[in-house]
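To start, the structure itself, in structure tokens.
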């Protein structure tokens with residue numbers, strides 16, 4: 035039995051529309067071995083001639099098969115089977131900065147909320163524009179949904195706009211896009227500033243407020259702007275350092291970390307130097323996760339809820355609507371500040 039025969043057999047099922055007959059017939063042909071990875075599907079014109087379906091019906095069916103990750107279209111060559119996983123409802127490309135702990139929490143919740151019928155392939159661009167472009171050009175047109183943490187760079191927006199709005203969700207970093215695009219993002223400057231003001235009485239207990247901020251890294255510029263503004267507005271003695279030098283910890287200083295790398299180094303120096311965290315040395319960290327709840331009696335953080343972000347992202351994909359959300363920040367007060 036051929037693919038065409040399989041599709042024609044489904045015409046007797048009144049509950050299936052014509053495009054559903056084509057999708058179902060293709061998936062059944064894959065399951066039964068009629069079609070295997072690498073096989074070329076009949077062209078749209080061939081399908082119109084053989085089945086008598088409207089051209090737009092064939093196109094709609096082929097697009098759904100692409101969204102499921104079963105079919106790929108190759109320019110001037112046609113449509114080809116690229117997967118035999120017919121139980122997958124939607125194939126999703128998740129493009130993140132890196133696999134840090136808080137992004138791992140996002141991924142775990144996102145995967146759990148979507149369930150087994152959604153296939154998630156994860157990619158990392160490491161805040162490198164060339165890597166981002168290379169990954170994006172490789173995965174474009176191969177997935178039914180793209181969930182992307184973008185780099186704020188002029189070359190990234192045109193790439194993202196090459197994906198139709200219903201198939202793209204911007205997460206984590208906010209990037210200005212046309213109105214029809216969806217996002218679940220963070221805003222760093224105003225929200226960080228407000229939370230620093232909330233912590234003002236505790237911050238004033240220390241002699242100096244130090245932010246570690248590496249230029250050219252994936253650190254959000256909004257946090258740096260908020261920090262400098264806060265120092266000026268509230269006359270706080272402070273400084274911005276690009277890196278932490280081992281053993282340079284000073285009593286009476288409050289340290290603010292965006293990266294966990296320097297956080298662990300300072301905490302180790304606190305332990306080795308017998309400084310009391312929260313009294314001799316203050317610690318404030320960006321992005322909360324479970325380890326920060328535990329170590330040294332708890333690390334005070336300014337953070338959005340990445341589990342909530344993941345739940346909202348999964349809901350957006352399931353409901354197929356438009357979502358435009360700026361995630362709130364919370365101060366989680368613990369022993370370190």
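Numbering (this note's numbering), first residue to last: 35 to 371.
No residue lacks a Cβ here, since even glycine has one placed at the ideal position from N, Cα and C.
It should be emphasised that the depicted structure is a prediction, and the values quoted were computed from it without experimental measurement.
Closest residue to residue i among the options (Cα-Cα distance)
i           : options            : result
residue 139 : 322, 123, 214      : 322
residue 172 : 161, 155, 187, 186 : 155
residue 175 : 59, 48, 101, 289   : 101
residue 257 : 270, 283, 291      : 291
residue 354 : 307, 217, 56       : 217
residue 104 : 126, 253, 86       : 126
residue 368 : 325, 302, 269      : 325
residue 344 : 177, 47, 41, 219   : 219
residue 318 : 307, 285, 294, 253 : 294
residue 359 : 96, 264, 350       : 350
residue 303 : 280, 286, 269, 247 : 280
residue 336 : 275, 267, 260      : 260
residue 364 : 222, 162, 316, 54  : 222
residue 231 : 200, 332, 266      : 266
residue 277 : 92, 296, 250, 285  : 296
residue 249 : 282, 161, 271, 269 : 161
residue 186 : 307, 41, 145, 204  : 204
residue 70  : 275, 130, 268, 118 : 118
residue 252 : 361, 356, 131, 330 : 131
Cβ distance (whole Å) where residue i is taken to contact residue j below 8 Å
i           : j           : result
residue 191 : residue 209 : 7 Å
residue 25  : residue 371 : This structure does not reach residue 25, given that the chain is present from 35 up to 371, and the question cannot be answered.
residue 194 : residue 244 : Actually they are not in contact, since the Cβ atoms of residue 194 and residue 244 sit about 36 Å apart, beyond 8 Å.
residue 152 : residue 123 : 6 Å
residue 189 : residue 163 : 6 Å
Where residue i sits in the DSSP three-state scheme
i           : result
residue 200 : helix
residue 138 : helix
residue 63  : helix
residue 269 : coil
residue 288 : strand
residue 179 : strand
residue 195 : coil
residue 95  : helix
residue 239 : coil
residue 113 : strand
residue 188 : coil
residue 214 : coil
residue 344 : helix
residue 152 : strand
residue 164 : helix
residue 82  : helix
residue 322 : coil
residue 366 : strand
residue 127 : strand
residue 310 : coil
residue 316 : strand
residue 338 : coil
residue 68  : coil
residue 52  : helix
residue 47  : coil
residue 205 : strand
residue 259 : helix
residue 224 : helix
residue 300 : helix
residue 280 : coil
residue 333 : coil
residue 104 : coil
residue 122 : coil
Chain D within 9 Å of residue i, Cβ atoms only
i           : result
residue 305 : This model lacks chain D altogether, as it is built from one protein chain only.
Residue environment, residue i, which counts as buried when at least 16 other CB atoms sit within 10 Å
i           : result
residue 214 : exposed
residue 334 : buried
residue 299 : buried
residue 143 : buried
residue 339 : buried
residue 60  : buried
residue 206 : buried
residue 212 : exposed
residue 346 : buried
residue 133 : exposed
residue 320 : buried
residue 47  : exposed
residue 178 : buried
residue 45  : exposed
residue 328 : exposed
residue 254 : buried
residue 53  : buried
residue 55  : buried
residue 271 : exposed
Closer than 8 Å: residue i CB and nearest the ligand SAH heavy atom
i          : result
residue 44 : Annotation note on the ligand SAH: not contained in the displayed structure, which lists no ligands.
Taking contact to mean at least 3 C-beta pairs separated by less than 8 Å, is the stretch 59-71 in contact with the stretch 137-153?
Touching, no, given that fewer than three Cβ pairs across the two stretches are closer than 8 Å.
The stretch 236-248 contacting the stretch 208-228, beta-carbon criterion three pairs below 8 Å:
no
Indicate whether the contact test is met: 3 or more Cβ pairs, each with one atom in the stretch 101-114 and one in the stretch 160-168, closer than 8 Å.
no
Are the stretch 36-48 and the stretch 68-75 touching by the rule of at least three beta carbon pairs closer than 8 Å?
yes
Count the C-beta pairs between the stretch 307-317 and the stretch 84-96 that are closer than 8 Å, then say yes if the count reaches three, no if not.
No: fewer than three Cβ pairs fall under 8 Å.
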